[in-house]
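Using this note's numbering, the first residue of the sequence shown is number 5, and each one after it goes up by one. All remarks here apply to the structure that follows.
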Amino acid sequence: MNRTQVTTSFLIALALFIGCNIVANETLTSQRLDLTSNQLYTLSDGSRSIVKMLDESVTIRLYFSAKQFADIPQYLTYGKRVRDLLEEYAANSDGKLNLSVIEPESFSEAEDQAVGYGIQQLPLSASGDMGYLGLVGTNTTDQELAIPYLNPEREDALEYEITKLIYNLANPRKRVIGLVTDLPVLGGAPDPQTGQPGQAWASFEMLKEFFEIKALARDLVKIEDGIDTLLIVHPKDLPRKTLYAIDQFVLGGGKAMIFIDPLAEEDRPTQDQNNPMAMPKVDSNLPELLAKWGVTMAADQVAGDLDSAVRVSANSARGPQEINYLPWLQLFSDRLNRDDFVTNQLKNINVGSAGVLEHGKDAKITFTPLLTTGPHSGLIGRDSIFFVRDPAGLLSNFKADKANLVLAARLFGAVDTAFPEGQPLDEEEKSAPGNPNHLNASKAPINVIIVADTDILADRFWVRVQRFLGMQVPNPFANNADFLINAVDNLGGNDDLISLRSRGEYSRPFEVVNQIQREAEAQFRDREQALQAKLKETESKLQALQTKPEGGGEALLSAEQRKEIELFRGEQLKTRKELRSVQHDLQKNIERLGTLLKFLNIGAIPLLLSVFAIGASLYRARRRA
5 MNRTQVTTSF LIALALFIGC NIVANETLTS QRLDLTSNQL YTLSDGSRSI VKMLDESVTI
65 RLYFSAKQFA DIPQYLTYGK RVRDLLEEYA ANSDGKLNLS VIEPESFSEA EDQAVGYGIQ
125 QLPLSASGDM GYLGLVGTNT TDQELAIPYL NPEREDALEY EITKLIYNLA NPRKRVIGLV
185 TDLPVLGGAP DPQTGQPGQA WASFEMLKEF FEIKALARDL VKIEDGIDTL LIVHPKDLPR
245 KTLYAIDQFV LGGGKAMIFI DPLAEEDRPT QDQNNPMAMP KVDSNLPELL AKWGVTMAAD
305 QVAGDLDSAV RVSANSARGP QEINYLPWLQ LFSDRLNRDD FVTNQLKNIN VGSAGVLEHG
365 KDAKITFTPL LTTGPHSGLI GRDSIFFVRD PAGLLSNFKA DKANLVLAAR LFGAVDTAFP
425 EGQPLDEEEK SAPGNPNHLN ASKAPINVII VADTDILADR FWVRVQRFLG MQVPNPFANN
485 ADFLINAVDN LGGNDDLISL RSRGEYSRPF EVVNQIQREA EAQFRDREQA LQAKLKETES
545 KLQALQTKPE GGGEALLSAE QRKEIELFRG EQLKTRKELR SVQHDLQKNI ERLGTLLKFL
605 NIGAIPLLLS VFAIGASLYR ARRRA
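Structural data, given as structure tokens:
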């Protein structure tokens, strides 16, 4: 085979390669192959199920300033990943999800639309240029829901946020929360002097902004239809028929969030005048139900933690002093589950005299801790807290012999009823009416969140409420209300939405390349620092020679001094030039490395394939000859 034939073969192979790429780009746009280790570009089963079940069309508009982000790789790369993920949603929706990617240029109608939808403006320059990276979804009833800013730092929650938005657009009805409580969370009895109703707890005022709250009687026999999520706070000795109603609601697929407590500090029952030293009923629990769900909470034990204890002012023999109060805990992010969307964006949560949840050894249910103590924890007797109130005494007698005590947990799995005999009898009843819909086991895995503290919801543990122009203005110092709202919101979705968890990070750095770059930078930085020091020394000497005398007259310099000044100035210019050269070489070195990587990623593989194809054709030609 002569040189002309080799050249022709190479050109044909190259043309075929380019042609195949063009055809693939035009015809295989819906075909996807995700080879990332965490399947970052593949929708979870829950997300796929939700978009496939869309009854009516949903439109997603992604506002993405790709041109303006050309010099901001973080936004440009993340915006492309968001776009790719949204295309995956559209591809799985059977045509029910319409995606529109819009580039809002300055002073354009698209920019006006983005601002009108509440998409956050991102300042890009001092001249006032703005970029956009957010999305808005609409349904057939013109309901609008937006994610004003798609934060690259929250990429692990990207799929959950998008799926939740789509689910809420497909299910626009305001969800109803059924509340069973023995605490005045919605406002206590009216003030006898002013007649004004008691103030509702701030956490529930905030909850009302997102959900409809319906108070339920504590002696109910059935959870009424229309209740999406059951919220139970401090259930003290509930009637068995109420327990049965809760049991059947959960087994039937109802979601529940339950706050129990070994010592509810906000519960202030009247004292027994005949026995003032008796322990009043300030605890709450659902042992009959929890046992069937594979969980227990000791009624007389409170969690203590040396590392998380809140500092309080306490009286002592030497007067008031600051001291750690073990039953009150401030849980920072390292004590919160970072993989669950209920807690993964919260910074700190305060609890007061919280109990400890334990997972049964033989329990088959999945028990996922949401709030935990630290490594230096232990148990405190409830009575010693209630009767003594001695922070110093608690501290001196405390044994930190436990670690990572669970204060709140998510339960998921199949369970059996706590009432295999059916609906229980009241004391005055001889027989209970039969329940034809009685369930002996859960229809599907249950979804329940248990919190072993009720004071977590009380104002004094997370918010200062100030009066301003006759209004109550909350000023939070902890994320307690966010925890409540996140949990209720999460439970309010269907099982597909609840099943979503934090995904892996999209950012996959080239570790070896970064190491090479760091080593190169270190070499140049050493030289740069030496030159900087030399320049500083030269400028100091130059300044000393040029300084005027104290009298304020002109400095009289000898010829030798003037010569020395000229030498220093020359040295100064030379050093600055070397410094610029070093900085330039560093930048060129980094760019050279980047160019090499681009060639290896873009050109080397096609080139090798072409060489292989030519070699194969030459080999076949020789065999035929």
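Heads up, the beta-carbon is just placed ideally off N, CA and C, and yes, glycines get one too.
Quiz item: Measuring CA to CA, which of F616, L577, T599 and V492 is closest to E213?
Solution: In the sequence shown, the residue the question calls residue 213 occupies position 209. Nearest of F616, L577, T599 and V492 to E213, Cα basis: V492.
Exercise. Sort out for me which residues DSSP pairs P480 with in a bridge.
Key: Indexing the sequence shown from 1 puts residue 480 at position 476. DSSP lists V467 as the bridge partner or partners of P480.
Quiz item: How would you write the range of the beta strand (DSSP E) that F416 sits in, first residue to last?
Solution: Counting from one through the sequence shown, the residue named residue 416 turns up at place 412. Where F416 is concerned, the enclosing beta strand (DSSP E) stretches over V410 to G417.
Self-check item: Secondary structure, alpha helix (DSSP H): runs of 4+ residues fully inside the stretch 222–292
Solution: Along the stretch 222–292, the alpha helix (DSSP H) occurs as fully enclosed runs of 4 or more residues at 244–255, listed in sequence order.
Quiz prompt | Among D530, G497, K540 and T542, the one whose alpha carbon lies nearest that of Y164 | solution = Along the sequence shown, read from residue 1 onward, the residue named residue 164 stands at position 160. Comparing alpha carbon positions, the residue from D530, G497, K540 and T542 closest to Y164 is G497.
Quiz item: Closest by CA to L682, which one among E107, P440, H380 and G308?
Solution: Residue numbering for the chain in the displayed model covers 5 to 629; residue 682 lies beyond these limits and cannot be assessed.
Quiz item: Can you name the start and end residues of the beta strand (DSSP E) that E362 belongs to?
Solution: Along the sequence shown, one-based indexing puts residue 362 at 358. In this chain, the beta strand (DSSP E) harbouring E362 covers L361 to H363.
Practice problem: Grab the span of the alpha helix (DSSP H) containing A219 for me, first residue to last. | Solution: Counting from one through the sequence shown, the residue named residue 219 turns up at place 215. Unbroken run through A219 is the beta strand (DSSP E), E216 to A219; no alpha helix (DSSP H).
Self-check item: Rounded Cβ spacing between G382 and A404 (contact assumed at less than 8 Å)
Solution: Taking the first residue of the sequence shown as position 1, residue 382 is located at position 378. Taking the first residue of the sequence shown as position 1, residue 404 is located at position 400. Correct: roughly 5 Å between the Cβ atoms.
Self-check item: Euclidean distance between Cα positions of D500 and Y171
Solution: As a first step, residue 500 is located in the sequence shown; it is residue number 496 there, counting from the start. As a first step, residue 171 is located in the sequence shown; it is residue number 167 there, counting from the start. So the alpha carbons of these two residues sit roughly 10 Å apart.
Self-check item: Backbone secondary structure at E115 - three-state DSSP
Solution: Locating residue 115 in the sequence shown gives position 111, where the first residue counts as 1. In the structure shown, E115 sits in a helix (DSSP, three-state: H, G or I).
Self-check item: Proximal residues to D311 (C-beta, below 6 Å), its chain only, five neighbours per side dropped
Solution: Translated into the one-based positions of the sequence shown, residue 311 becomes position 307. These residues qualify, in order along the chain: G378 and H380.
Self-check item: Spatially closest choice to V455 from T579, R414 and H363, by CA coordinates
Solution: Taking the sequence shown and counting its residues from 1, the one referred to as residue 455 is at position 451. Minimum Cα distance to V455 is reached at R414.
Quiz item: Taking the DSSP output, what are the residues bridged to K406?
Solution: Counted from its first residue, the sequence shown places residue 406 at position 402. Paired residue(s): S381.
Quiz item: Taking C-alpha atoms, which residue in M210, G256, L224 and L247 lies nearest to D232?
Solution: Within the sequence shown, residue 232 is the residue found at index 228, counting from 1. The option with the nearest alpha carbon to D232 is G256.
Quiz item: What first and last residue would you give for the alpha helix (DSSP H) that runs through R158?
Solution: Walking along the sequence shown from the start, residue 158 turns up at place 154. In the DSSP assignment, R158 falls outside any alpha helix (DSSP H) and carries neither an H nor an E.
Quiz item: Where does the unbroken alpha helix (DSSP H) through G50 begin, and where does it stop?
Solution: As a first step, residue 50 is located in the sequence shown; it is residue number 46 there, counting from the start. Start and end: D49 to K56.
Quiz prompt | Simplified DSSP state of T579, which is helix, strand or coil | solution = Along the sequence shown, read from residue 1 onward, the residue named residue 579 stands at position 575. For T579, the secondary structure class from DSSP, reduced to helix, strand or coil, is helix.
Quiz prompt | Cβ-Cβ separation, N348 to A482 (assumed contact under 8 Å), whole Å | solution = For this step, residue 482 is matched to residue 478 along the sequence shown. For this step, residue 348 is matched to residue 344 along the sequence shown. Contact doesn't hold; Cβ gap of about 16 Å is too wide.
Quiz item: Under a three-way DSSP split, which group does T167 fall into?
Solution: Within the sequence shown, numbered from 1, the residue matching residue 167 stands at position 163. Helix.
Quiz item: Given A412, which residues of its chain have a CB within under 6 Å of its CB, disregarding the five upstream and five downstream residues?
Solution: As a working note, residue 412 is residue 408 in the sequence shown. Spatial neighbours of A412 in its own chain (CB-CB distance under 6 Å, excluding positions within 5 residues in sequence) are listed in chain order as L374, L375 and V455.
Quiz item: Got a sec? Which residues, its chain only, sit under 7 Å from N479 by beta carbon, not counting five neighbours each side?
Solution: In the sequence shown, residue 479 corresponds to position 475, counting from 1. Listed in chain order, the non-local C-beta contacts of N479 below 7 Å within the same chain comprise V467, R468 and Q470, local neighbours out to five positions each way being set aside.
Practice problem: Could you give the DSSP three-state label for R315: helix, strand or coil? | Solution: Within the sequence shown, the letter at position 311 stands for residue 315. If DSSP states are grouped into helix, strand and coil, R315 belongs with the strands.
Quiz prompt | Rounded Cβ spacing between I151 and G138 (contact assumed at less than 8 Å) | solution = Here residue 151 refers to the residue found at position 147 when the sequence shown is read from its first residue. Here residue 138 refers to the residue found at position 134 when the sequence shown is read from its first residue. Between I151 and G138 the beta-carbon gap is near 6 Å, inside 8 Å, which marks them as a contact.
Exercise. Give the range of the alpha helix (DSSP H) segment to which I81 is assigned.
Key: Looking up residue 81 in the sequence shown gives position 77. It should be pointed out that residue 81 corresponds to Thr in this sequence rather than to Ile. First-last of the alpha helix (DSSP H) with T81: P77 to A95.
Quiz item: Which first and last residues belong to the beta strand (DSSP E) in which I123 is found?
Solution: One-based indexing of the sequence shown puts residue 123 at position 119. In the DSSP assignment, I123 falls outside any beta strand (DSSP E) and carries neither an H nor an E.
Exercise. Report the rounded CA-to-CA distance for F390 versus L267, giving the unit in angstroms.
Key: Locating residue 390 in the sequence shown gives position 386, counting from the first residue. Locating residue 267 in the sequence shown gives position 263, counting from the first residue. Approximately 8 Å, taken between the alpha carbons.
Quiz item: Could you give the distance in angstroms between the alpha-carbon of Y67 and the alpha-carbon of M57?
Solution: Looking up residue 67 in the sequence shown gives position 63. Looking up residue 57 in the sequence shown gives position 53. About 26 Å.
Exercise. Report buried or exposed for T167, applying the criterion of at least 16 other Cβ atoms within 10 angstroms of its Cβ.
Key: Your numbering for residue 167 matches position 163 in the sequence shown. The residue in question, T167, is buried, as its Cβ has 16 or more Cβ neighbours within 10 Å.
Exercise. Report the rounded CA-to-CA distance for Q533 versus L577, giving the unit in angstroms.
Key: Taking the sequence shown and counting its residues from 1, one reaches residue 533 at position 529. Taking the sequence shown and counting its residues from 1, one reaches residue 577 at position 573. Looking at the two C-alpha atoms, the distance is approximately 16 Å.
Practice problem: Output the distance between the C-alpha atoms of E109 and L495, rounded to the nearest integer angstrom. | Solution: By one-based count along the sequence shown, residue 109 stands at place 105. By one-based count along the sequence shown, residue 495 stands at place 491. If you draw a straight line from the Cα of E109 to the Cα of L495, it comes to about 40 Å.
Quiz item: Quick one: Cα of L333 to Cα of G364, how far?
Solution: By one-based count along the sequence shown, residue 333 stands at place 329. By one-based count along the sequence shown, residue 364 stands at place 360. Rounded to the nearest angstrom, the gap between the Cα atoms of L333 and G364 is 25 Å.
Quiz item: Quick one, which of Q305, A485 and A114 has its alpha-carbon nearest K351's?
Solution: Counted from its first residue, the sequence shown places residue 351 at position 347. Residue nearest to K351 within the set Q305, A485 and A114 is A485 (criterion: CA-CA distance).
Quiz item: F263 to F487, Cα distance in whole Å?
Solution: For the purposes of this step, residue 263 is taken as residue 259 along the sequence shown, with counting starting at 1. For the purposes of this step, residue 487 is taken as residue 483 along the sequence shown, with counting starting at 1. Taken atom to atom, the span from the alpha-carbon of F263 to that of F487 is near 12 Å.
Self-check item: R339 burial status per 10 Å Cβ neighbour count (16 or more: buried)
Solution: In the sequence shown, residue 339 corresponds to position 335, counting from 1. For R339, the number of other beta carbons within 10 angstroms of its own is at least 16, and it is reported as buried.
Self-check item: Residues near E575 in its chain [Cβ-Cβ closer than 6 Å; skip 5 each side]
Solution: As a first step, residue 575 is located in the sequence shown; it is residue number 571 there, counting from the start. Only T542 meet the Cβ criterion.
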